[in-house]
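Numbering (my numbering), first residue to last: -12 to 599.
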Amino acid sequence: MCGIVAYIGHREAVPFLLQGLYRLEYRGYDSAGIALLDGELKVFKTKGKVDDLSRLINGETIRGTTGIAHTRWATHGEPNTVNAHPHYSPSRKLAIIHNGIIENHDSLRAELINRGYSFVSETDTEVLIHLIEDIQDNEQVSLDEAVRIALNQVVGAYAIVVVSGEDPDQLIVAKKGSPLVIGLGDKEFFVASDATPIVGYTRNVIYLDDEEMAIIPRNGDLKIKNIKNQDRTPYVCQLEMQLSAIEKGGFPNFMLKEIYEQPRSIKDSMRGRVNAEKGIISLGGIADYHMKLVNCQRIIIVACGTSWHAGLVGEYLFEDLARIPVEVEYASEFRYRNPVINEGDVVIAISQSGETADTLAAVELARSRGATILGICNVVGSSIARATHAGSYTHAGPEIGVASTKAFTAQVSLLTLMALSVGNQKGIIPQSRFYQLLNEIESIPSKVEQVLKVNEKVRDIAGIFHNARNFLYLGRSTNFPVALEGALKLKEISYIHAEGYPAAEMKHGPIALIDEEMPVVIIATRKGNYDKLLSNIQEVKARRGIVIAVVTEGDEAVGRLADHIIEIPDVDELLVPIVATIPLQLLSYHIAVLRGCNVDQPRNLAKSVTVE
Ligand code: AGP
């Protein structure tokens, strides 16, 4: 969480820094700040969003060609102006921005207090900048050396940028466990938590590795070393991201844009990977590990949130198509559970951002126990993508809305290809079924295009129920994860309490909640225990519940029972989750908009959860 951005070069830094903060605001948006080197080191910060910071500095004449800026998602200390970044050192000669958590900040703070320092904020970050200045003063070393020594005393995760009022001609940056990218311009450098602020300025970037730091001069070449003081050769990559991918493109917000992008993002996730006519699935990124997957005894999927829901769909797919037992684990539980990992197990880590701290830790744990780890990530070059043995990118394009939409459908598409290709290699799937599924997969983007036409109908339904206080989502088989995902989407952006359940579980508890005020969303497509779902709908109706049903087009039986139906095209049961999720995304979206919620930046959330 938290977005960091910095600049050193020949142009005025403020426009780049502010625009960068807007682009990174999805990472955290409870306070924001900026520090400029303008003869002296000046810090401006405020509680609230980047807009508030922008208003704060509007009347000020702040200039400078070296600057750092930050948008925060609070971890240590409430989101207020004092706790906002940048933080000054005790003498106010240095300032720092930080993304991550310094886990041993309490003991470091106590030591520093013993030595006479005091603190104005509750943050771990202020402890770090005090420590850096203390080292610089006591050991009479350069700033980069003081940063290096300090980082050797730190336990935790960080992406930091440090500037000194006494030396406006350099930035010191470092990272461990939190992402950081450096853009190389013409006699200028850009630093950010991800490439989105940089893409309009340069395509040449360097992704720092963990425990690496860069000393970036205004003039000349940057130098990279690790915190053990060993020099590193910079590896420059080319950004492929398009600017249009990170703009709203005429939509009122990113979430709606990303929902509507799904026909294309699903197609992109399969581009060059499927040839239905020839019966070929080729996943280049994991080609070297394909036989390992084919011969594995068990798959363990680790993920969080929406990516975990995609993993649950993966469980149905791998078990059905490849007959491989699958366990789907919350990464946060897996990492602390002393899990049994056998030789012959393959771990698949799923993450849109590729930065989720719990998923990354689960990957590291599984790796330390000798497992083969494959990644399904959206962000190229992300920490999880780099920590796995191999992986396939979802290629859904940047997902900026905090609520994950197109990443989910791309993850499920990719899992489908993986399971199908393994099942085919194992000779488990009859050839006719293999070809039928391949053909259906290829047609999914057009089915999604079709399902988006339900938008107006869904908006009308949202109009009826946007004041409800609770929702229940039910589904069976592959639609059970869809129910979970629908409920998560609703709660995170509309703040309405929602629960997802396997439909048959309703009678073991949630049925007690049903009354004439609680909408029950049932994914009742014609596959997946359809008859049994009909009984579940009757059970809800018998208790005067309100049923909103997602049904296969042309369905009549559910239509006779439900209060509202949303039709989706007929697809194979294994592919239904990709299509059935779309109306639920739209339902949450419209309900949230009608309730006046900020759908792109829901309260308390951040896009990539890089803290535990
Ligand atoms: C999804 O809408 C959520 N915002 C959240 O659950 C998210 O899926 C989760 O934090 C995992 O993120 P990742 O895919 O980037 O690892």
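For glycine and all other residues, C-beta sits at the position ideal for the given N, C-alpha and C.
Exercise. Ala144 and Ile88: beta carbons closer than 8 angstroms?
Worked result: Between Ala144 and Ile88, the CB-CB gap stays under 8 angstroms.
Exercise. Counting by C-beta, which residues lie closer than 5 angstroms to a heavy atom of the ligand AGP, in chain order?
Worked result: So the residues near the ligand AGP by this Cβ test are Cys291, Gly292, Thr293, Ser294, Ser338, Gln339, Ser340, Thr343, Ala390, Ser391 and Val596.
For this session: Can you tell me which of the three DSSP states Ser575 falls into?
Result: helix
Exercise. Just curious, the alpha helix (DSSP H) that Lys163 is in, first and last residue?
Worked result: Here Lys163 belongs to no alpha helix (DSSP H); instead the beta strand (DSSP E) covers Asp154 to Lys163.
For this session: Compute the Euclidean distance between the alpha carbons of Tyr460 and Gly187, then round it to the nearest angstrom.
Result: Answer to the nearest angstrom: the Cα atoms are 42 angstroms apart.
Exercise. With distances taken from CA atoms, which of Lys163, Pro432, Arg356 and Asp275 is nearest Pro250?
Worked result: Nearest C-alpha to Pro250: Pro432.
Exercise. Closest by CA to Ile253, which one among Cys224, Thr33 and Thr392?
Worked result: Thr392
Exercise. Could you give the uninterrupted runs of the beta strand (DSSP E) lying entirely in the region 55 to 103, keeping only those of 3 residues or more?
Worked result: 81 to 89
For this session: Indicate the three-state DSSP secondary structure (helix, strand or coil) for Ser151 in the structure shown.
Result: strand
Exercise. Where Cys(-11) and Ala0 are concerned, what is the direct C-alpha to C-alpha distance, given to the nearest angstrom?
Worked result: Approximately 20 angstroms, taken between the alpha carbons.
Problem set entry | Three-way DSSP call (helix, strand, coil) for Arg285 in this model | strand
Problem set entry | Identity of the residues DSSP links to His551 by a beta bridge | In the DSSP assignment, His551 is bridged to Ile535.
Exercise. On the three-pair Cβ rule with 8 angstroms, is the region 163 to 170 touching the region 193 to 201?
Worked result: Because the criterion of three Cβ pairs below 8 angstroms is met, the region 163 to 170 and the region 193 to 201 touch.
Exercise. In whole angstroms, what separates the C-alpha of His179 from that of Gln588?
Worked result: The question names His, but residue 179 in the sequence shown is Ala. Cα-Cα distance, rounded: 20 angstroms.
Exercise. Which residues in the same chain have their Cβ closer than 6 angstroms to the Cβ of Lys514, if we skip the five residues on either side of it in sequence?
Worked result: Glu560
Problem set entry | Gly298, DSSP secondary structure in three states | helix
Exercise. To the nearest angstrom, how far is it from the Cα of Leu477 to the Cα of Pro66?
Worked result: 25 angstroms
Exercise. According to the Cβ coordinates, are Met242 and Gly388 closer than 8 angstroms?
Worked result: yes
For this session: State the DSSP-derived secondary structure class of Gln225, mapped to helix, strand or coil.
Result: The three-state reading of DSSP puts Gln225 in strand, counting E and B together.
For this session: Can you tell me which of Glu234, His495 and Val69 puts its alpha carbon nearest to the alpha carbon of Leu11?
Result: Glu234
Problem set entry | CB contact flag (Met505, Asn457, <8 angstroms) | A contact, by the Cβ cut-off of 8 angstroms.
Exercise. Quick one: Cα of Ala56 to Cα of Thr512, how far?
Worked result: 49 angstroms
For this session: Rounded to whole angstroms, what's the CA-CA distance from Glu245 to Pro385? Just pull it up for me.
Result: 9 angstroms
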